[in-house]
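J.:
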Amino acid sequence: MLKIDNLHARIGDTEILKGLSLELGAGEVHAIMGPNGSGKSTLASILAGRDDYEVTEGSITFDGVDLLELDATERAVAGIFLAFQYPVEIPGVSNINFLRTALNSIREQREEAPLSGKDFLAKVKACAQLVELDGKLRDRSVNEGFSGGEKKRNEVFQMAMLEPKLAVLDETDSGLDIDALRIVAHGVNSMRGADRSFLVITHYQRLLDHIVPDFVHVLAGGRIVHSGGKELALELEEKGYDWIVDAQPTEQA
Amino acid sequence: MSEVATPTQHAALAARVSDACRSAGMVGAPYPGAVAALDTLGYPTTRQERWRYTRVTRLLDVSPTAAAPHTAPPAVVSGLDALRFTFVAGQFVGGDTLDEGANGCFVGPVSVALARYPERLEAWSHSDFATKEWFAALQAAAPQDGVCILVPAGHKLERPVLAHHHMPAGVHVAQPRHLIHIGDNASAEAVLWSDTTAQSEGMMNAAITAAIGDGAHLSLEVVQDEPGTVHHMGHHHFTQGSNSKLTVRTATACAHWLRNDLHILQDGTHADSTFHGCYLPNGQQFVDHHTRIDHAHPDGQSDELYKGLAADKSTAVFNGKIMVHKDAQRIEAYQRNSNLLLGEQAAMYAKPELEIYADDVRCSHGCTTGQFDKEALFYLRSRGMTETAANNLLVQAFLAEVLDGFRPEIRDYVHSVYARRLGWS
Ligand SMILES: Nc1ncnc2c1ncn2[C@@H]1O[C@H](COP(=O)(O)OP(=O)(O)OP(=O)(O)O)[C@@H](O)[C@H]1O
Ligand SMILES: [Mg+2]
Chain U
0 MLKIDNLHAR
10 IGDTEILKGL
20 SLELGAGEVH
30 AIMGPNGSGK
40 STLASILAGR
50 DDYEVTEGSI
60 TFDGVDLLEL
70 DATERAVAGI
80 FLAFQYPVEI
90 PGVSNINFLR
100 TALNSIREQR
110 EEAPLSGKDF
120 LAKVKACAQL
130 VELDGKLRDR
140 SVNEGFSGGE
150 KKRNEVFQMA
160 MLEPKLAVLD
170 ETDSGLDIDA
180 LRIVAHGVNS
190 MRGADRSFLV
200 ITHYQRLLDH
210 IVPDFVHVLA
220 GGRIVHSGGK
230 ELALELEEKG
240 YDWIVDAQPT
250 EQA
Chain P
0 MSEVATPTQH
10 AALAARVSDA
20 CRSAGMVGAP
30 YPGAVAALDT
40 LGYPTTRQER
50 WRYTRVTRLL
60 DVSPTAAAPH
70 TAPPAVVSGL
80 DALRFTFVAG
90 QFVGGDTLDE
100 GANGCFVGPV
110 SVALARYPER
120 LEAWSHSDFA
130 TKEWFAALQA
140 AAPQDGVCIL
150 VPAGHKLERP
160 VLAHHHMPAG
170 VHVAQPRHLI
180 HIGDNASAEA
190 VLWSDTTAQS
200 EGMMNAAITA
210 AIGDGAHLSL
220 EVVQDEPGTV
230 HHMGHHHFTQ
240 GSNSKLTVRT
250 ATACAHWLRN
260 DLHILQDGTH
270 ADSTFHGCYL
280 PNGQQFVDHH
290 TRIDHAHPDG
300 QSDELYKGLA
310 ADKSTAVFNG
320 KIMVHKDAQR
330 IEAYQRNSNL
340 LLGEQAAMYA
350 KPELEIYADD
360 VRCSHGCTTG
370 QFDKEALFYL
380 RSRGMTETAA
390 NNLLVQAFLA
400 EVLDGFRPEI
410 RDYVHSVYAR
420 RLGWS
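So the protein lines, in turn, are chains U and P.
Counting along the first sequence from 1, when you hit position 234 you're at 233 in numbering that gives the first Met the number 0, and nothing is skipped either side.
Counting along the second sequence from 1, when you hit position 368 you're at 367 in numbering that gives the first Met the number 0, and nothing is skipped either side.
1) Can you tell me whether W256 (chain P) is buried or exposed? The criterion is at least 16 other CB atoms within 10 Å of its CB, across all chains shown.
2) Are the C-beta of A375 (chain P) and some C-beta of chain U separated by less than 8 Å?
3) Going along the chain, which residues of its own chain have a beta-carbon closer than 6 Å to the beta-carbon of L178 (chain P), five neighbours each way excluded?
4) Is S301 (chain P) close to ligand 2? I mean its beta-carbon at under 7 Å from any heavy atom of the ligand.
5) Please list the terminal residues of the continuous beta strand (DSSP E) segment that includes G93 (chain P).
6) State the DSSP-derived secondary structure class of Y85 (chain U), mapped to helix, strand or coil.
7) Name, please, each residue of chain P whose Cβ falls closer than 7 Å to the Cβ of P90 (chain U).
8) In chain U, what lies closer than 8 Å to R380 (chain P) by C-beta?
9) Say the cut is 7 Å; is the CB of D169 (chain U) nearer than that to a heavy atom of ligand 2?
10) Just to check, is the beta-carbon of N35 (chain U) closer than 7 Å to a non-hydrogen atom of ligand 3?
11) Using a threshold of 8 Å, state whether the C-beta atoms of S104 (chain U) and G78 (chain P) are closer than that.
12) Under 8 Å Cβ to Cβ from Q251 (chain U), same chain only, skipping five residues before and after it: list those, please.
13) Start and end of the alpha helix (DSSP H) containing P6 (chain P)?
14) Does the beta carbon of G369 (chain P) sit closer than 8 Å to a beta carbon anywhere in chain U?
15) Please confirm if the region 46-56 of chain U is in contact with the region 107-119 of chain U, defined as three or more CB-CB distances below 8 Å between the two stretches.
16) Looking only at DSSP bridge pairs, what is D38 (chain P) linked to?
17) Within 10 Å of its beta-carbon, does L233 (chain U) have 16 or more other beta-carbons around it, so buried, or fewer, so exposed?
18) Which residue spans inside the region 123-182 of chain P form an unbroken beta strand (DSSP E) run of at least 3?
19) Just to confirm before moving on: does the CB-CB distance between L339 (chain P) and Q300 (chain P) stay below 8 Å?
20) Is K39 (chain U) closer than 8 Å to I200 (chain U) when the C-beta atoms are compared?
21) Ignore the nearest five residues each way along the sequence and tell me which others in M0 (chain P)'s own chain have a CB closer than 8 Å to its CB.
22) Is K316 (chain U) a contact residue of ligand 2, with contact defined as CB to any heavy atom under 7 Å?
23) Less than 8 Å between CB atoms is the rule here; does L12 (chain P) satisfy it with respect to chain U?
24) Between the alpha carbons of R74 (chain U) and L129 (chain U), how many angstroms are there, rounded?
25) Are any of the Cβ atoms in chain P nearer than 8 Å to that of V155 (chain U)?
26) Using a Cβ cut-off of 9 Å, which residues of the region 234-250 of chain U contact any Cβ in chain P, in chain order?
27) Return helix, strand or coil for K150 (chain U), following the three-state DSSP convention.
28) Could you tell me if Y42 (chain P) is buried or exposed, where buried requires 16 or more neighbouring beta carbons within 10 angstroms of its beta carbon?
29) In this structure, what does DSSP give as the bridge partners for M160 (chain U)?
30) Between U:H202, U:N188 and U:Y203, which lies nearest to S196 (chain U) when the distance is taken from Cα to Cα?
31) Counting Cβ pairs closer than 8 Å, one from the region 62-75 of chain P and one from the region 155-168 of chain P, do we hit at least three?
32) Please determine whether the Cβ atom of Q204 (chain U) lies at a distance below 7 Å from any heavy atom of ligand 1.
33) For a contact meaning CB atoms closer than 8 Å, what does G383 (chain P) contact in chain U?
34) Does chain P have any CB closer than 8 Å to the CB of F119 (chain U)?
35) Which residues in the same chain as L261 (chain P) place their Cβ atom closer than 6 Å to its Cβ, once the five residues preceding and following it in sequence are excluded?
36) Roughly how far, in whole angstroms, is the beta-carbon of L392 (chain P) from the beta-carbon of L379 (chain P), given that I think they are within contact range, below 8 Å?
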């Protein structure tokens, strides 16, 4: 469903992704781990359509469509969702109004009828329950004054509301306490299905105990340098990244 | 760059405007002090701090054609239940006067009030502006019809008043004068709406003068919705007695070129003033809000909030002066002005001015000008909102603090004008 081929991307003069290739099948869960600054969030942002990055080479196809031709809105309509590493605070826009606008905007672009007020609220209730999101947070301004953990929960809540085909979770586990981690993982697991894929970016093997991935990849220096099964996460936890990164051929100048 | 008008140029403008107003119909006599002030004051120039960003030389070319046809424009915010009065280019064209007699409420055109109750208007109906500002003097030298609201002491005006002033197509000048007197412990609510057609040109030089008695309460919403190329000068003057409460909200929904001077004088102790405003020029538009509050007596409060966006190549100006007089102790004065720039060529000049001559005063002000939050925009779009929907939501959120204070009908209307003008609806 997602095929990234030899992706090169930069911001200004800094090259960040340097030939990244990755393939995700429908219904699969892939985890990406890797050192700080290796380009994980960059990859996530590019998938979601942030236009600060310039793709200089390579391609991304999603369900057969050239993703790079779509803008951020169109990608969401196509079914891509990014849970942000740093969710944005939007004062003055209530969470609920925000979600209603987003959901109906997507439906309109898909030429579906808008959700009735009743159906919308029922859905809000179900999804909030799924991640045990405090009712008060629904009525507050989007992420404004939310704790780190509340923000992450809110991201998963939005994911549940929007029911994407591909969900990219960028360090959704960081900042979560142990209970919250379990709850969020439960939310994700209950959304797993044959038509939905996940790309889970994390630094901690712990999350992968709860969300068990089909594949684990190591992103370093802007490329996937190693891939394996779920047991790779354990190995990384134990040994760090050096043994993989050092084994890479040095870059040509 | 400063621009100076030659005396003959602005004298000629004054003559043209006064002639046009006189032939279309004035209300009452020219205010004597104003006529003299037109000579002595001199035309504003960009060399003066108060007019630094406001090029009034462009008004020197205004040359009105014959009086406008007096056909009533379509009603505004038709869902709003109100005592409605309509004016076209300074002339009364419709509305049912409420007249409860010499000791009761009066709501109707100034022309009728002057005919029936001249003595009720005498003492307070001209503001300082008329002798201190050239354009206000021009207005007072040839005043035209507007709404007159007289609420005697102890009365409460049950229904809100909606005065709608319309500028028809063509080159016209209008100098409406709205008069509001709220007696001691009385109260009223009003909406003063001015609009134009897209083919309207010329000048709208309007005055609002309100006197609010001791313990009285006035809530006023001012809406300026003026497509076309009319130049709008607003002189909004409020005097408050002790323990009175004034709320005035100004929404500049659309203006080609607009300068508003709002002045509140707290002329008694424990007065409370709230004045909020919003504006959103785009294209080449110019919007200038100058405000001034005089805390002349102790224990007063004021809450000022102006928010706006400047898009494209437009210019917005905000100047807010807080003057706390000697012996006006225990004043609490708050002022906040926030602006967003929506284009690299948009300009925003914002200036708070605080002059405080009392020592026991709580005064705070904040003034910010920023860019549209790109992170927020990306976040919203990544959730499937179109750029239009996302922009709309962000602008709505930004202006909500000000717009939510208006009646819902007005809030929604003004927001829809903003959305349409920016191509977001
Ligand atoms: N907007 C930007 N401007 C300049 N450099 C950037 C920008 N965004 C990312 N970078 C750089 O690109 C590199 C990759 O950043 P990215 O955020 O993708 O890393 P990451 O793998 O997500 O790291 P972390 O594990 O710390 O979240 C870093 O060196 C970062 O400084
Ligand atoms: Mg990151």
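Each residue gets a CB set at the ideal place from its N, CA and C atoms; glycine is no exception.
T.: The relevant details are as follows:
1) buried
2) yes
3) V109, S124, C147 and T208
4) no
5) Q90 to G94
6) coil
7) A396
8) G48, D70, A71, T72 and A75
9) yes
10) Because ligand 3 does not appear in the structure shown, any question about it cannot be addressed here, the ligands present being ligand 1 and ligand 2.
11) no
12) Reliability of the predicted coordinates at Q251 (chain U) is poor, the pLDDT of 47 falling under 50, and the value obtained from them is presented with this limitation in mind. Contacts found: none.
13) P6 to A23
14) no
15) no
16) DSSP, once it has assigned bridges, lists no residue as partnering D38 (chain P).
17) exposed
18) 146-150, 160-166, 169-173 and 176-181
19) no
20) yes
21) With a pLDDT of 46 at M0 (chain P), under the threshold of 50, the modelled position of this residue cannot be trusted; read the value that follows with caution. Only T45 meet the Cβ criterion.
22) Nothing about residue 316 (chain U) can be reported from this structure: the residues present for chain U run from 0 to 252 only.
23) no
24) 25 Å
25) no
26) none
27) helix
28) buried
29) Note: M160 (chain U) sits in no beta bridge, so no partner.
30) U:N188
31) yes
32) no
33) T72, A75, V76, A101, L102, S104, I105, Q108 and L161
34) no
35) H235 and T290
36) 6 Å
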